[in-house]
Each structure stands twice: as C-alpha cells, then as structure tokens.
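> Just passing along the structure, written as structure tokens.
In our numbering, the protein residues as written are 5 to 111.
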C-alpha cells in the first residue's frame with residue numbers, strides 16, 4: 005500500500021495514493037467524483053511542491069510535478085485500461101475540468 009503524506013492548510017494528512025501507472029516516478033491519479041473543481045489534495049500537493057511517500061516500511065521525500073499535454077493523456081489512458089472506472093470519471097468531467105495527473109519524484 006502506498007500512502008502520501010501531504011501538507012494542508014491545517015496540518016499534514018496521510019492518504020492512500022491510487023492510480024500508479026509507472027513504478028518511478030510514481031503517478032498520483034485520483035478522482036474527485038464529478039466535481040467542477042480539483043480536490044484539496046491536488047492544490048495541497050501542487051502548492052507545496054513536495055510530499056512524503058510511504059510504501060510498506062519505506063518512507064521518503066518526493067518532489068511533485070504536474071503532468072500535462074500528451075504525456076498526461078498517455079498516462080491517463082493507461083490508468084483507464086487498468087481501472088475502467090476512470091474512463092467514466094473523465095466522461096463526467098469533460099468540458100468542466102481535466103482530471104490531473106501528478107508525478108512524484110524521489111528527492
């Protein structure tokens with residue numbers, strides 16, 4: 005199980021990190037239902053630019069990078085092949101927002 009410890013406005017929050025397509029850098033592809041805006045975790049990670057990842061007994065710092073354009077589309081397509089429900093999330097948000105893809109690089 006992977007957990008990302010992200011800093012927020014009030015404190016640091018651990019949460020399960022889903023959507024890994026690549027082994028490293030790790031991909032953070034999470035959904036937020038059909039909401040019209042990105043979820044808090046997205047803003048917290050992109051604003052901080054760093055986080056801590058926990059995999060099993062290993063914990064390490066990561067640098068956060070937002071993936072855009074063709075590379076984002078490629079990674080998201082791979083995610084939908086692995087987890088078909090993500091295709092539905094994308095359909096429901098089409099024209100409203102693009103579901104973000106973040107890369108978490110070991111520091």
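Where a beta carbon is used, it is the ideal one built from N, C-alpha and C, also for glycine.
How many Å lie between residue 71 and residue 104 at the Cα?
Within the chain shown, the letter at position 67 stands for residue 71. Within the chain shown, the letter at position 100 stands for residue 104. C-alpha separation (whole angstroms): 8 Å.
> Considering only C-alpha positions, which residue in the set 97, 81 and 64 is nearest to residue 40?
Residue mapping note: residue 40 aligns to position 36 of the chain shown, counting from 1. Minimum Cα distance to residue 40 is reached at 97.
> Please report the straight-line C-alpha distance between residue 85 and residue 33, rounded to a whole angstrom.
Within the chain shown, the letter at position 81 stands for residue 85. Within the chain shown, the letter at position 29 stands for residue 33. Distance between the alpha carbons of residue 85 and residue 33 is about 13 Å.
> Return the CA-CA distance between residue 53 and residue 110, expressed in angstroms with no decimal places.
What you label residue 53 is simply residue 49 of the chain shown in a count that begins at 1. What you label residue 110 is simply residue 106 of the chain shown in a count that begins at 1. Straight-line Cα distance between these residues: approximately 12 Å.
> Helix, strand or coil, according to DSSP, for residue 63 in the structure here?
Stepping through the chain shown from its first residue, residue 63 is reached at position 59. Note: residue 63 maps to strand in three-state DSSP.
> Looking at the unbroken alpha helix (DSSP H) that takes in residue 101, where does it start and where does it end?
As a first step, residue 101 must be located in the chain shown, where it is residue number 97. Here residue 101 belongs to no alpha helix (DSSP H), and DSSP marks it neither H nor E.
> For residue 51, report the span of its alpha helix (DSSP H) as first-last.
Taking the first residue of the chain shown as 1, we reach residue 51 at position 47. Run containing residue 51: 44-52, per the alpha helix (DSSP H) assignment.
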